[in-house]
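**Q** Numbering (mature numbering (1 follows the signal peptide of the UniProt record, and there is no 0)), first residue to last: -20 to -1, 1 to 94.
Idealized CB from N, CA, C, for every residue including glycine.
Here it is, the structure in full.
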Amino acid sequence: MRMIILFLSLFSLFCSGCQKQDTQSFQAAENNDSSLKISVIKPQQIDFAKTLKLSGTWVAKEEIAIGTALQDQQVLSVLVEAGDHVKKGQILATLEYSNVQSQLKQNQAALVRG
């Protein structure tokens, strides 16, 4: 049954392709001035910018808390603002040092005794 349907569909396709075309409608389409107009240009090589200058702000993907190695320290002053340019070795903030001084004196005294 399937073979018969397949054969009939292929036969009808073949017969429709062998039909005589209507030459009047074909000639009318050739003589029509409202046909699609195209323009052709020659390909040219152009230079693209290799760098992009974009403005924006950087945002951390994940934020973490940063602490000092010395616990119980208070920040006395912050010397830079967000967006400031900083250099290597530049002091960014100052910490309270009274606790550090007392710990240093205690350690020095322990060394003298030891």
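Rounding to the nearest angstrom, what Cα-Cα distance links Thr74 and Gln53 in this structure?
**A** In the sequence shown, counting from the first residue as 1, residue 74 sits at position 94. In the sequence shown, counting from the first residue as 1, residue 53 sits at position 73. Going by the C-alpha atoms only, they are around 10 Å apart.
**Q** For the beta strand (DSSP E) that residue 105 lies in, which residues bound it at each end?
**A** Since the displayed the chain opens at -20 and closes at 94, residue 105 lies outside it and no answer follows.
**Q** Below 8 Å on the Cβ atoms is my guess for Leu59 versus Ile71; work out the distance and round it to an integer in Å.
**A** Position 79 of the sequence shown, counted from the start, is the residue given in the question as residue 59. Position 91 of the sequence shown, counted from the start, is the residue given in the question as residue 71. Yes, they are in contact, since the Cβ atoms of Leu59 and Ile71 sit about 6 Å apart, within 8 Å.
**Q** Using alpha carbons as the reference points, say which of Ile(-17), Asp64, Gln25, Phe28 lies closest to Thr37.
**A** The residue you call residue 37 lines up with position 57 of the sequence shown. Closest by alpha carbon: Asp64.
**Q** Figure out for me which residue from Gln88, Ile(-16), Ala62 has the closest Cα to the Cα of Gln39.
**A** If you number the sequence shown from 1, residue 39 lands on position 59. Checking the displayed sequence, the identity of residue 39 turns out to be Val instead of Gln. Taking only the C-alpha atoms, the option nearest Val39 is Ala62.
**Q** Can you check DSSP and say which residues form a bridge with Thr74?
**A** The residue you call residue 74 lines up with position 94 of the sequence shown. Note: Thr74 sits in a beta bridge opposite Ser57.
**Q** Could you check whether Glu42 and Leu56 sit closer than 7 Å to each other, using their CB atoms as the reference points?
**A** Taking the sequence shown and counting its residues from 1, the one referred to as residue 56 is at position 76. Taking the sequence shown and counting its residues from 1, the one referred to as residue 42 is at position 62. No, the pair does not count as a contact, with Cβ atoms beyond the cut-off.
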